[in-house]
Amino acid sequence: MSSFFQYGEKVDGYDVLVLNEREARAGAGILFAIGILSLVNAVALGHVIVTKFFITFFTLDFLIRVIQPRYSPSLLIGRLFVQNQRPEYVGATQKRFAWGIGLLLAIPMFYLLVINFQPNPIKVLVCIICLILLFLESAFSICLGCKLFGLFKKDPVTHCPGGVCEIRPKEPVQRFNLAQKIIALVTVLVFSFGLYSYFTKVESKTFLAQKIKFMMMSQAELKAYQEEKEAREFDEF
Numbered sequence: 120m121s122s123f124f125q126y127g128e129k130v131d132g133y134d135v136l137v138l139n140e141r142e143a144r145a146g147a148g149i150l151f152a153i154g155i156l157s158l159v160n161a162v163a164l165g166h167v168i169v170t171k172f173f174i175t176f177f178t179l180d181f182l183i184r185v186i187q188p189r190y191s192p193s194l195l196i197g198r199l200f201v202q203n204q205r206p207e208y209v210g211a212t213q214k215r216f217a218w219g220i221g222l223l224l225a226i227p228m229f230y231l232l233v234i235n236f237q238p239n240p241i242k243v244l245v246c247i248i249c250l251i252l253l254f255l256e257s258a259f260s261i262c263l264g265c266k267l268f269g270l271f272k273k274d275p276v277t278h279c280p281g282g283v284c285e286i287r288p289k290e291p292v293q294r295f296n297l298a299q300k301i302i303a304l305v306t307v308l309v310f311s312f313g314l315y316s317y318f319t320k321v322e323s324k325t326f327l328a329q330k331i332k333f334m335m336m337s338q339a340e341l342k343a344y345q346e347e348k349e350a351r352e353f354d355e356f
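Each residue of the sequence shown is one higher than the one before, starting from 120 at the first, in my numbering.
What follows is the structure, given as structure tokens:
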């Protein structure tokens, strides 16, 4: 019975209880894939049933992760894909803290989008933040919650994903030269401008897209839009 309450696994060579980061990344990728499908269904097709399923599963899964991760559905499915890969062990305590943040984001979403359905751009933005966190973990092994955990702990945190908790010099392959910095910066700027143009210039055909477009408009653009709308209604009249 005591093993049930043990959070993490004992592994030789580690002075703390650990979890397999490869399973965590696989689980994050699975949740991210379902989340993207639910978002596309809600925004493009107007179907919210997939979103309700995803938020319910997400909340339950993170609740189990915080209590005992060895029984988390997404982590177990992730294990099927990475069971033949060499484990990458990380500290269980900081992962629990990070998953606790995910649970805190999930609970209000579950109430406002499943139990008492009241969608608005702010609540959808919380969903998008969760998807971004899942993407960062699955694609880049970046655990922002693990980094935050280090701010609240007096003792140094060890065994974080990718070894980011330990201070060490970067290898030559991890550094940027001037040309690489310019390419990376230009790429980010181009994608950011394209995303902004998409929301502000392209015709919005869904309620959510229109709401996001209005939120990103300046006062002058809002005034011009209102005047154009009134003129169009007058002409139709």
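Backbone N, C-alpha and C fix where the C-beta goes; we use that ideal spot for every residue, glycine too.
Within 9 angstroms, strictly: CB atoms of C246 and I174 = yes
Does DSSP put L136 in a helix, in a strand, or in coil?
-> coil
If we count the other Cβ atoms within 10 Å of its Cβ and call it buried at 16 or more, is G146 buried or exposed?
-> buried
Three-pair Cβ contact test at 8 angstroms for the segment 218-227 versus the segment 175-187 | With a cut-off of 8 angstroms on Cβ pairs, the segment 218-227 is in contact with the segment 175-187, counting three or more such pairs.
Near P188, which residues of its chain fall below 7 angstroms by C-beta distance, leaving aside the five closest residues on each side in sequence?
-> Only L138, L194 meet the Cβ criterion.
Is the segment 250-265 in contact with the segment 201-218, if contact means three or more CB pairs nearer than 8 angstroms?
-> yes
Measure the CB-CB distance between M228 and F176 and report whether it falls below 9 angstroms.
-> no
Terminal residues of the continuous beta strand (DSSP E) containing Y208?
-> 208-210
Helix, strand or coil: which one does DSSP assign to E128?
-> strand
Start and end residues, alpha helix (DSSP H) containing K289 | Careful: K289 lies outside any alpha helix (DSSP H) and carries neither H nor E.
Rounded to a whole number of angstroms, what is the C-alpha to C-alpha distance between L314 and N203?
-> 39 angstroms
Report back the beta-carbon spacing between L369 and F172 to the nearest angstrom; my notes put them in contact at under 8 angstroms.
-> Outside the modelled stretch of the chain, which goes from 120 to 356, sits residue 369, for which no answer is possible.
Drop a sphere of 10 angstroms on the beta-carbon of T170, count the other beta-carbons inside from all chains shown, and report buried for 16 or more, exposed for fewer.
-> buried
Classify Q237 as helix, strand or coil using the three-state DSSP reduction.
-> coil
When DSSP labels each residue in this structure, what does S191 get in the three-state scheme?
-> coil
Which residue's Cα is closest to the Cα of F200: L164, L231, R144?
-> R144
When DSSP labels each residue in this structure, what does C249 get in the three-state scheme?
-> helix
Would you tell me roughly how many angstroms separate the C-alpha atoms of R198 and G154, rounded to the nearest one?
-> 19 angstroms
V307 (DSSP reduced to helix, strand or coil) | helix
By how many angstroms is the C-alpha of G165 removed from the C-alpha of K129?
-> 47 angstroms
Mark V243 as exposed unless 16 or more other C-beta atoms lie within 10 angstroms of its C-beta, in which case mark it buried.
-> buried
Straight-line CA distance for Q338 to S157?
-> 33 angstroms
For the alpha helix (DSSP H) that contains I261, what are its first and last residues?
-> Per DSSP, I261 belongs to no alpha helix (DSSP H) and is neither H nor E.
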